[in-house]
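Counting in the numbering used here, the sequence shown runs from 413 upward without gaps.
Glycine included, C-beta positions come from ideal geometry on N, C-alpha and C.
Below is one structure, written out as structure tokens, with a few remarks after it.
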Amino acid sequence: MKRLHPLLSLGLASALTLGLLCPGAAAAAFSDQDQIVHPDAVTAVADLGLFAGLPDGSFAPAQNIDRASFARLVTLMLNGGKIPTLENTAAPFPDTEGHWAQDCITYCASLGIISGRSETVFAPGNPVTIAEGARMLLSALGYRADYEGISGATWRITVDILADQAGLYADMGSFDSSTPLTRDMAAQMVYNALNIPLVTYEETTGSDGVKRCTRVEQKDTLLTSVFAQAESE
């Protein structure tokens, strides 16, 4: 059985009944602990195996997270802290061929969670923006870009509205979502995402013959549907 930090054990038990991961414990000890703005979030995601400190013992909360690293983070979230094994799967973008995060980028691309800067460029080493990170997390939670209108020149506005309504931006303060996502903010956003209800979509056809699609909020979250199972293994 996978052993979790007491914060997560308590939070997970609460999540199974309340759908919430409860904060309250001090963050794991990092050499730059006093610089961490969201210690509860850092503790939670670190204990779930989603984030790790740097080799020098720091967390580097102000360091920007790149697109490849965020793809890895989303992959871990969807697989209980593990990287799935992909066999004979070609890299979706030429600039990800042979990259250390190729499997994670390929996995997320196959689920429609990520897209490239163009059809041939993913730019794995470029910083991921707050809005790009939110878009990936919304997709991981089941939000569909085609039904939500996340496309075109106004995609960021739509993402910001959905992310705010869902709770992805909770406790993150004021920010410009076009700016790079830091490790500290990424931890808080992921912490929020773990407790947001997953969504599905129901398609119906009215008496007028018009097809309609309705977003349906589920009871489960990533914490209860993915990590509760991982804890019991």
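Nonlocal neighbours in the same chain, by C-beta distance under 8 Å from residue i, ignoring five residues either side
i	result
histidine 511	Ala480, Ala503, Ile517, Pro536
tyrosine 559	Tyr613, Cys625, Arg627
isoleucine 448	Ala439, Phe442, Val454, Phe471, Pro473, Asp596
threonine 541	Ser589, Ser590, Thr591, Pro592, Leu593
Counted within 10 angstroms of its Cβ, other Cβ atoms place residue i as buried (16 or more) or exposed
i	result
aspartate 620	exposed
proline 451	buried
leucine 498	exposed
glutamate 544	buried
alanine 458	buried
leucine 553	buried
threonine 566	exposed
alanine 464	exposed
isoleucine 525	buried
leucine 433	Note that leucine 433 has pLDDT 44, beneath the 50 cutoff, so the model's placement of it is unreliable and the number below is only indicative. Answer is buried; the Cβ neighbour count reaches 16.
serine 551	buried
threonine 617	exposed
threonine 508	buried
cysteine 600	Cysteine is not the amino acid found at residue 600; the sequence shown has glutamine there. The residue in question, glutamine 600, is buried, as its Cβ has 16 or more Cβ neighbours within 10 Å.
Neighbourhood of residue i by C-beta distance below 7 Å, restricted to the same chain and skipping five residues each side
i	result
arginine 556	Tyr613
glycine 461	Leu488, Gly493
Per DSSP, cross-strand counterpart(s) of residue i
i	result
asparagine 476	Thr594
proline 539	Asp478
valine 457	Bridge partners of valine 457: none, in fact.
arginine 529	Note: arginine 529 sits in no beta bridge, so no partner.
arginine 568	According to DSSP, which records beta bridges pairwise, arginine 568 is partnered with nothing at all.
threonine 626	Glu614
Nearest-angstrom beta carbon gap, residue j and residue i [assumed within contact, 8 Å]
i	j	result
serine 637	leucine 606	Not a contact, Cβ separation roughly 10 Å.
Residues near residue i by beta carbon distance below 6 Å, same chain, minus five either side
i	result
alanine 575	Ala546, Tyr581
Closer than 8 Å is the cut-off here; do at least three beta carbon pairs connect the stretch 513 to 533 with the stretch 476 to 492? Because the criterion of three Cβ pairs below 8 Å is met, the stretch 513 to 533 and the stretch 476 to 492 touch.
Could you say if the stretch 630 to 640 and the stretch 572 to 582 meet the contact criterion of at least three C-beta pairs nearer than 8 Å? no
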